[in-house]
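Visitor: Per full-length UniProt numbering, the very first residue in the sequence shown carries number 1; after that it's consecutive. Even glycine gets a Cβ: it sits at the ideal position worked out from N, Cα and C. Fair warning: this is a prediction, and the values are worked out from it, not measured in the lab. Pasting a structure here, questions to come.
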Amino acid sequence: MRRFDETLHRGYRQSFDIQSVLFEDKTEHQHLLIFETPELGRVMTLDGIVQVTERDEFVYHEMMAHVPLFALAAPKEVLIIGGGDGGVLREALRHRGLERVTMVELDRTVIDLSREYMPAISAGAFDDARTDLVIGDGLDYVATSQRRFDVIIVDSTDPIGPGEVLFTEKFYADCKRCLKPSGIVATQNGVPFFQPDEVTHTYRRMGRAFAAPGFYVIAMPTYVGGFMTLGWGCDEPERADTPLETLTARFRDAGLTMRYYTPELHRAAFALPQYVRDLMV
């Protein structure tokens, strides 16, 4: 049986058994591979790095979307940068009070192939009337847009290749400009045990734009190496410390059923391990 070896860090890798290759080609921006596995369902990789698997995608997508959204009383406008598989879009649109979710994705092929080979991840989200899909560069979008959002979610690759520009001081400053005064930005920020510099760099760069930068953590099986950090930027420290009673009421009123997210876990996710806190300098 063919295997896919993902070299994650120096001297460390994970391996997947491949039952069949569904698609493999070089898009305009990156090498894209989708394959079937016996345990994780279908898997998408970009430039040799696992992006999403059918079996555990709910962990990442629920926490990327619902933590910032439930931290606000009544968000109306959301911007997603990246996220071509449609999972974050799917979860955001579950909030009935949202009026529009704008998604800016650089690589149209990622969207098309995700819809063809992994349709359950987007679950029809691209056809929702509230979805405003923009094919373009998220960096340029936040630098030029005149719109203001309650939440910006940056579902990017790691800071190499096309995703590198989405970890810069200028990008965070432009996100801040595109947020409403109480707005929140949430970002993908790697596995701190093996990628400690990402935490330190993001904390410093985001801290130049936001009064209350920080992180929350999730346990994502296929992003191996311990906790994964998600970046958090806003100007109101209390947004990362929303009372449990408030979260519980908002969650109840939303009428949603989750597989990972709970109000209790929402609060607990901001309780960082000491080794992560030590990197926030």
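Which residue's Cα is closest to the Cα of residue 368: Val281, Tyr203, Leu106?
Guide: Residue 368 lies beyond the range of the chain shown here (1 to 281); nothing can be said about it.
Visitor: Output the boundary residues of the beta strand (DSSP E) element that contains proline 181.
Guide: For this step, residue 181 is matched to residue 181 along the sequence shown. Where proline 181 is concerned, the enclosing beta strand (DSSP E) stretches over 179-188.
Visitor: Beta carbon of tyrosine 275: closer than 8 Å to some heavy atom of the ligand GDP?
Guide: With respect to small molecules bound, the structure shown includes none, and the ligand GDP cannot be examined in it.
Visitor: Cβ of glutamate 77 within 9 Å of Cβ of aspartate 150?
Guide: For this step, residue 77 is matched to residue 77 along the sequence shown. For this step, residue 150 is matched to residue 150 along the sequence shown. Taking 9 Å as the Cβ cut-off, glutamate 77 and aspartate 150 qualify as a contacting pair.
Visitor: Between the Cα of glycine 255 and the Cα atoms of Asp158, Tyr203, Arg96, Pro68, which residue gives the shortest distance?
Guide: As a working mapping, residue 255 is identified with position 255 in the sequence shown. Per the Cα distances, Arg96.
Visitor: Below 8 Å, can you find three or more Cβ-Cβ pairs linking the region 245-263 to the region 181-193?
Guide: Judged by Cβ distances under 8 Å, the region 245-263 makes no contact with the region 181-193, as fewer than three pairs qualify.
Visitor: Do valine 224 and valine 276 have their beta-carbon atoms positioned less than 9 Å apart in this structure?
Guide: For the purposes of this step, residue 276 is identified with residue 276 of the sequence shown, where counting begins at 1. For the purposes of this step, residue 224 is identified with residue 224 of the sequence shown, where counting begins at 1. No.
Visitor: Identify every residue that forms a DSSP beta bridge with isoleucine 18.
Guide: Position 18 of the sequence shown, counted from the first residue, corresponds to residue 18. DSSP, once it has assigned bridges, lists no residue as partnering isoleucine 18.
Visitor: Under the assumption that arginine 130 contacts valine 101 (Cβ atoms under 8 Å), give the Cβ distance between them as a whole number of angstroms.
Guide: Taking the first residue of the sequence shown as 1, we reach residue 130 at position 130. Taking the first residue of the sequence shown as 1, we reach residue 101 at position 101. That pair is a contact at about 6 Å.
Visitor: Quick one: give me the first and last residue of the alpha helix (DSSP H) that serine 222 is part of.
Guide: The residue labelled residue 222 in the question sits at position 222 within the sequence shown. The residue asked about is misnamed: residue 222 is threonine in this sequence, not serine. No alpha helix (DSSP H) contains threonine 222, which DSSP labels as neither H nor E.
Visitor: Determine whether the beta carbon atoms of phenylalanine 270 and glycine 233 lie at a separation below 9 Å.
Guide: Taking the first residue of the sequence shown as position 1, residue 270 is located at position 270. Taking the first residue of the sequence shown as position 1, residue 233 is located at position 233. Not a contact, by the Cβ cut-off of 9 Å.
Visitor: Closer than 8 Å is the cut-off here; do at least three beta carbon pairs connect the region 192-207 with the region 40-48?
Guide: The region 192-207 is not in contact with the region 40-48.
Visitor: With DSSP run on the structure shown, which of helix, strand or coil describes glutamate 36?
Guide: Position 36 of the sequence shown holds residue 36. If DSSP states are grouped into helix, strand and coil, glutamate 36 belongs with the strands.
Visitor: What's the C-alpha gap between arginine 94 and aspartate 132?
Guide: Along the sequence shown, one-based indexing puts residue 94 at 94. Along the sequence shown, one-based indexing puts residue 132 at 132. In a straight line, the C-alpha of arginine 94 is about 15 Å away from that of aspartate 132.
Visitor: Would you mind reading off the limits of the beta strand (DSSP E) that contains glutamine 274?
Guide: Residue numbering aside, residue 274 sits at position 274 when the sequence shown is read from its first letter. No beta strand (DSSP E) holds glutamine 274; the alpha helix (DSSP H) holding it covers 274-277.
Visitor: What are the partner residues of glutamate 24, as DSSP defines its beta bridges?
Guide: On the sequence shown, residue 24 is found 24 positions in, with the first residue counted as 1. According to DSSP, glutamate 24 bridges with Leu33.
Visitor: Use the C-beta contact count for serine 20: other C-beta atoms within 10 angstroms, 16 or more gives buried, fewer gives exposed.
Guide: As a position in the sequence shown, residue 20 is number 20, starting the count at 1. Flag for serine 20 reads exposed.
Visitor: Going by DSSP, what residue range makes up the alpha helix (DSSP H) through aspartate 253?
Guide: Translated into positions along the sequence shown, residue 253 becomes position 253. First-last of the alpha helix (DSSP H) with aspartate 253: 244-254.
Visitor: Mapping DSSP to helix, strand and coil, what is leucine 166?
Guide: Mapped onto the sequence shown, residue 166 falls at position 166. Three-state DSSP puts leucine 166 in a helix.
Visitor: Taking the beta carbon of lysine 26 as the centre, do at least 16 other beta carbons fall within 10 Å, making it buried, or is it exposed?
Guide: Within the sequence shown, the letter at position 26 stands for residue 26. Exposed is the call here.
Visitor: To which residues of the same chain is residue 368 closer than 8 Å at the C-beta, ignoring the five residues directly before and after it?
Guide: Nothing can be reported for residue 368: it is not among the residues displayed for the chain, which extend from 1 to 281.
Visitor: Which of the three DSSP states, helix, strand or coil, is assigned to glutamate 236?
Guide: The residue labelled residue 236 in the question sits at position 236 within the sequence shown. In this structure, glutamate 236 counts as coil in the three-state DSSP scheme.
Visitor: Beta-carbon separation of aspartate 56 and threonine 222 under 9 Å?
Guide: For the purposes of this step, residue 56 is taken as the residue at position 56 of the sequence shown. For the purposes of this step, residue 222 is taken as the residue at position 222 of the sequence shown. Yes, these two residues count as a Cβ contact at 9 Å.
Visitor: Using the Cβ count rule (16 or more neighbours within 10 Å means buried), how would you classify glutamate 91?
Guide: Along the sequence shown, read from residue 1 onward, the residue named residue 91 stands at position 91. By the neighbour-count rule (16 or more Cβ atoms within 10 Å), glutamate 91 is buried.
Visitor: Check glutamate 6 in the structure and name its three-state DSSP category.
Guide: Indexing the sequence shown from 1 puts residue 6 at position 6. Three-state result, glutamate 6: strand.
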